[in-house]
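Just so we're aligned: 12 in numbering that gives the first Met the number 0 is position 13 of the sequence shown, and the numbers increase by one with no gaps anywhere. In what follows, a single structure is set out as structure tokens and then discussed.
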Amino acid sequence: MSFNIRHGVNMNEESNLMDILKIIKENKPDLVALQAVDSLITNGKTQFQLRQLAIQTGMHYTYGVAETSESGSQGVGILSAWPVEKSQTITLPSTPGADPKILLCGLIRHSRNLTFRFCNSRLEYASVMDRALQSAYINQMLQGSVQPVVLGMDMGARPNEQPYFSFRKKWQDAAQGSQLETWNEGLPGDRLDYIFVLLNNKVRVKNYKVIKKYPMASDHYPILATVEFW
């Protein structure tokens with residue numbers, strides 16, 4: 000699953016963590032890439048959204064900080080049904096004045112015969128140039144991976160736009176050909192959120208769906224794909 004959770008706030012500007020928890024429990028993903036995740040300090044107490052979700056779901060987690068402030072930090076997070084053996088946070092290129100963005104990867108040991116990387120990123124919204132730079136950099140960093148790679152991402156770009164082009168050759172788009180929008184003000188074809196699989200192993204995407212049961216939980220819809228390695 001990949002889901003931009005809007006910094007833990009729904010469209011009514013209230014906490015959306017209960018809805019996110021329902022979405023995860025109802026769909027039972029083994030891996031979740033969450034974008035726009037906060038760890039905030041309020042009245043001397045830290046509200047770490049990712050850890051709260053991990054505790055409630057019983058999943059393992061790893062967090063990548065993109066930006067810090069006096070009130071805490073924000074970034075991207077991974078929830079996993081399996082332990083995360085190692086994690087790596089890579090700073091993405093950006094133009095002066097742009098918000099910092101990162102790529103977070105976790106090394107997941109599924110079994111004796113399968114170890115893979117599950118990665119997550121949220122690209123710059125305000126600049127097409129930054130999105131294109133960041134997409135190209137992520138492709139460059141991951142395309143030579145020895146292990147299989149699954150990448151969840153809020154790209155902020157449609158499949159007919161430049162940032163997407165970096166993933167056309169070496170990656171399988173789990174939603175290839177889908178016209179289902181992934182944000183709640185989008186029109187058909189407005190896919191901004193993606194699950195990609197690196198084509199360096201025997202791999203296939205068995206199914207894909209956009210989850211619209213909780214339309215007010217965020218301005219993005221969660222997307223879900225089943226990936227098979229053999």
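All C-beta atoms, glycine included, are put in the ideal place defined by N, C-alpha and C. Just so it is clear, the structure is predicted and the values come from calculations on it, not from any experiment.
Beta-bridge partners of residue i, as assigned by DSSP
{"i": "S1", "result": "A32 and I222"}
{"i": "Q230", "result": "Limits of the chain in this structure are 0 at one end and 229 at the other, which puts residue 230 out of reach."}
Buried or exposed by the 16-neighbour rule on C-beta atoms within 10 Å, applied to residue i
{"i": "S14", "result": "exposed"}
{"i": "T67", "result": "exposed"}
{"i": "T181", "result": "buried"}
{"i": "G96", "result": "exposed"}
{"i": "I194", "result": "buried"}
Cβ neighbours of residue i in the same chain (closer than 8 angstroms, five flanking residues each side left out)
{"i": "S165", "result": "A131, S134, A135, I137 and N138"}
Residues of its chain near residue i, where Cβ-Cβ distance is below 7 angstroms and the 5 sequence neighbours each way are ignored
{"i": "K169", "result": "N138, Q142, L197 and L198"}
{"i": "L102", "result": "I89, L91, C118, S120, I137 and M140"}
Residue from the options whose Cα sits closest to the Cα of residue i
{"i": "V8", "options": "S1, I19 and F228", "result": "I19"}
{"i": "E160", "options": "G188, P147, Q146 and Q171", "result": "G188"}
{"i": "M58", "options": "M17, W182 and L30", "result": "L30"}
{"i": "V145", "options": "L39, T114, Q175 and S93", "result": "T114"}
Where residue i falls: helix, strand or coil (DSSP)
{"i": "L103", "result": "strand"}
{"i": "Q175", "result": "coil"}
{"i": "S134", "result": "helix"}
{"i": "H113", "result": "For the record, residue 113 in the displayed sequence is Leu; it is not His. In this structure, L113 counts as strand in the three-state DSSP scheme."}
Close Cβ partners of residue i (< 6 angstroms) along its chain, the five nearest in sequence each way excluded
{"i": "F86", "result": "According to the sequence displayed, residue 86 carries Ser and not Phe. T61 and G105."}
{"i": "K211", "result": "Y220"}
{"i": "T56", "result": "I23"}
{"i": "G205", "result": "Inspection of the sequence shows that residue 205 is occupied by Lys rather than by Gly. Hits under 6 angstroms: T225 and E227."}
{"i": "Y124", "result": "G155"}
{"i": "M0", "result": "P28, V31, P221 and L223"}
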